[in-house]
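Engineer: Mind having a look at this structure? Questions to follow.
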Amino acid sequence: MPLPKFIHLRVHTSYSLSEGAVRPEDVSKIAVKNEMPAVAVSDSGNLFGLLEISSACYKSGVQLIPACEVELVSDRENSKKKVLGKLV
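Letter by letter, the sequence shown follows residues 25 to 112 in my numbering.
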């Protein structure tokens, strides 16, 4: 039985400040190079690169799984907020 294809489900691009380094236009190139049929881009707190990434993935035949990673905090008014968890 052949191994299933690997798919990254939590990629942060350079739009996730201090968390991701890959440029949005390189996401699909890396996926194609590594024979990934799809990739999930889950930048932190924003979807700024979605159009750019979506266009590149479409052109290269890679299925994009768009996502956004959002922090759940105890009190957004408090400067010492406690991160309760993350939603994707």
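Glycine included, every Cβ here is placed at the ideal spot set by N, Cα and C.
Closer than 6 Å by C-beta to Glu49: which residues in its own chain qualify, once you throw out the five before and the five after it? Chain order, please.
Structural biologist: Along the sequence shown, read from residue 1 onward, the residue named residue 49 stands at position 25. Ala80.
Engineer: In three-state DSSP terms, what is Asp67?
Structural biologist: On the sequence shown, residue 67 is found 43 positions in, with the first residue counted as 1. Asp67: strand per DSSP, three-state reduction.
Engineer: Can you give the Cα-Cα distance for Leu88 and Ser42, rounded to whole angstroms?
Structural biologist: For the purposes of this step, residue 88 is identified with residue 64 of the sequence shown, where counting begins at 1. For the purposes of this step, residue 42 is identified with residue 18 of the sequence shown, where counting begins at 1. Rounded to the nearest angstrom, the two C-alpha atoms are 23 Å apart.
Engineer: With a floor of 3 residues, list each beta strand (DSSP E) that falls wholly inside the region 67–99, ordered by position along the chain.
Structural biologist: DSSP runs (the beta strand (DSSP E)) wholly in the region 67–99: 87–97.
Engineer: May I ask you to report which of helix, strand or coil DSSP gives Ala45?
Structural biologist: Numbered from its first residue, the sequence shown carries residue 45 at position 21. Of the three classes helix, strand and coil, the one that applies to Ala45 here is coil, per DSSP.
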